[in-house]
Amino acid sequence: MALRTLSALPGFADSVFSDRFNRIDRLFSQLTGDTPVSALPAYDIKKVDANNYQLSLSVPGWKEDELEIETVGGNLHVSGKRAESEPGDDEGWLYRGIRRADFRLSFALPEHAKVSNAKLESGLLHVSIYQEIPESEKPRKIAIENTQPAIEHKAS
């Protein structure tokens, strides 16, 4: 486990190479127009059982009315848009490392998947996804018939 000291001037405390990946990511994002990976909330996807999955997003400090979940054309979109800040909210901070920028994440849903519910607790947004495959589309084994008569060997 790495120990990191806190400083009133974190730019001077960090080493020159500590955030190399984030800088490269931001550079490529500026060139392509995509959102940098480091700007998006971290997420986990867990298979709960044969038909249920759970998507968990880390969204500390976000309120329910600032988050939106929608499904469109087989895609799940989760976005966050901050409410306008109050005057004086940006005063007095020495360092703000908790991400506060708007975001939009998109996930391709498997066929026959539906979002069953979502809840926000302890800074995590949990989205439950249920996938019900119809019986007609489930894999099934086909028996092979043997139509030729068996050859018997007789000892002489």
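Oh and the sequence shown: position 69 is 69 in UniProt numbering, straight run, nothing missing.
Note that beta-carbon positions come from the ideal geometry of N, C-alpha and C, so glycine has one too.
Buried/exposed call for residue i, threshold 16 Cβ in 10 Å
i: residue 57; result: buried
i: residue 55; result: buried
i: residue 18; result: A caution first: residue 18 carries a pLDDT of 47, below 50, which makes its placement in the model unreliable, though a value can still be read off. Residue 18 is exposed by the Cβ-count criterion.
i: residue 125; result: buried
i: residue 8; result: Confidence at residue 8 is low in this model, with a pLDDT of 40, below 50, so the placement of that residue is unreliable and no value is reported for it.
Residues near residue i in its chain [Cβ-Cβ closer than 6 Å; skip 5 each side]
i: residue 79; result: 68, 104
i: residue 45; result: 55
i: residue 52; result: 130
i: residue 64; result: 120
For residue j and residue i, the rounded distance between their alpha carbons
i: residue 139; j: residue 114; result: 21 Å
i: residue 47; j: residue 41; result: 20 Å
i: residue 154; j: residue 112; result: 57 Å
i: residue 134; j: residue 50; result: 14 Å
i: residue 145; j: residue 152; result: 19 Å
i: residue 92; j: residue 137; result: 60 Å
i: residue 82; j: residue 66; result: 6 Å
i: residue 237; j: residue 123; result: No answer is possible for residue 237: it lies beyond the span of the chain, which begins at 1 and ends at 156.
i: residue 141; j: residue 148; result: 22 Å
i: residue 96; j: residue 74; result: 36 Å
i: residue 119; j: residue 43; result: 14 Å
i: residue 106; j: residue 143; result: 42 Å
i: residue 98; j: residue 84; result: 17 Å
Cutoff 8 Å; reference residue i; Cβ partners in own chain excluding five residues on either side
i: residue 71; result: 77, 109, 114, 115
Nearest residue (CA-CA) to residue i, options the options
i: residue 158; options: 46, 45, 51, 59; result: Given a span of 1 to 156 for the chain in the structure shown, any question on residue 158 remains unanswerable.
i: residue 62; options: 52, 101, 49; result: 101
Cut-off 7 Å between Cβ atoms - residues of its own chain near residue i, not counting five sequence neighbours on either side
i: residue 117; result: 128
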